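See structure below.
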Amino acid sequence: MISDIIDKILDGKDICSLEIAIDFKEIETHDEIDDYSNKALLYLTYFIISGKMDKNINLTSKEEKHKEFIDKVIPMLLKEPRLLNKSELEILTIIQKLNFSISRDLYILLQNYKTKISKSERNYDNREWIIKLLVYFTIIAFEELKFIETQKNIEILRTKYEDEPIKSNKKTWIRTIDDKKQENILKDANKPTVSIDEYVNLLMKQVKKFERKNAAENISNIKKEETFDSSDEESKLKRIREQDELNDEMKKGSGNRLGMG
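Here the sequence shown stands for residues 1 to 261, numbered as in the UniProt record's numbering.
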């Protein structure tokens, strides 16, 4: 039965072509909604149902069936605004234009209406509910047409890029080097990393660091010895003088090694 198939669509379930067999020529066509029986109104949904069932249908045929449903149902419903509420009038008026660039508010309106109908109590003998069901199917048709339009645009872009010749942006790996560049490369390889002045300053820093370290170690040793023999003042003074002389000799020696003595 047609109601069983519609129930599956409302519940988001899959349907197969074996569940329905109808000749589209048998669908009644009237200009006025009052000329349709309840069953005849339900049969109008076959334009959408057939597109959902036939997975092998091409985009053009599917597009034609959905547009035919919209062209047949929406004008008929808009002729009888007394049968529609404010939201339904707004939905049908916008969908009739087939403008797929919809606002966020309209998108929310469509989704809320679909949810409301799918969760409502289903009465296929109630004409008022059947009319709301037709509004629901106009939203389904609109969404399918929007999807088809996107698919067609993707196909156009794909064909366009396939027909265009491939342009290579890769850079060559081989570079020629003239004689002057080659000479500079060889010169640069032998250039010193620091100047003579920088080298001297570096050595002086190392010498001072070494002197401070030795002085600290000697003072530490002297303090240790003081704990063992605090009465031997003369011996301590002698060691200090010897250390001073050693430091003086180190300074002179360092200067000579750096070519400064």
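Ideal placement from N, C-alpha and C gives every residue a C-beta, glycine not left out.
In this text the structure is predicted, and so the values were computed from the model without any measurement.
Rounded to whole angstroms, how far is the Cβ of Ile5 from the Cβ of Ile15, which I believe are closer than 8 Å? 6 Å
Determine, using beta carbons only, whether Leu59 and Ile130 come nearer to each other than 7 Å. no
- prompt: By how many angstroms is the C-alpha of Leu44 removed from the C-alpha of Lys72?
  reply: 9 Å
Spell out a yes or no on whether the region 142 to 161 and the region 92 to 107 are touching, meaning 3 or more CB-CB pairs, one atom from each, closer than 8 Å. yes
| task | Go ahead and label Leu77 buried or exposed: buried means 16 or more other beta carbons lie within 10 angstroms of its beta carbon, across all protein chains shown. | result | buried
Quick check: Ile139 and Leu92, are their CB atoms within less than 7 Å of each other? no
**Classification of Leu134 by the beta-carbon crowding that lies within 10 angstroms, buried from 16 upward** = buried
To the nearest angstrom, how far is it from the Cα of Lys114 to the Cα of Tyr136? 6 Å
Exercise. Give every residue of the same chain whose Cβ lies closer than 8 Å to the Cβ of Glu242, excluding the five residues on either side of it in the sequence, and list them in chain order.
Key: none
- Query: Since Ile95 and Ile70 are thought to touch, with beta carbons under 8 Å apart, how far apart are those beta carbons, to the nearest angstrom?
  - Reply: 7 Å
What are the boundary residues of the alpha helix (DSSP H) that includes Pro75? 59 to 78
>> Spatial neighbours of Ser50 within its chain, please: C-beta separation below 7 Å, excluding the five flanking residues on both sides.
In response: Lys65
For Ser118, report the span of its alpha helix (DSSP H) as first-last.
104 to 118
Distance, Glu63 Cα to Leu10 Cα
21 Å
| N- and C-terminal bounds of the alpha helix (DSSP H) containing Leu44 | Segment: none, Leu44 is in no alpha helix (DSSP H) and carries neither H nor E.
Q) Taking Asn85 as the reference, which of Lys132, Lys13, Ile108, Lys52 has the closest Cα? A) Lys132
Using a Cβ-Cβ cutoff of less than 6 Å, which residues in the same chain neighbour Tyr36 once the five nearest sequence positions on both sides are dropped? His30
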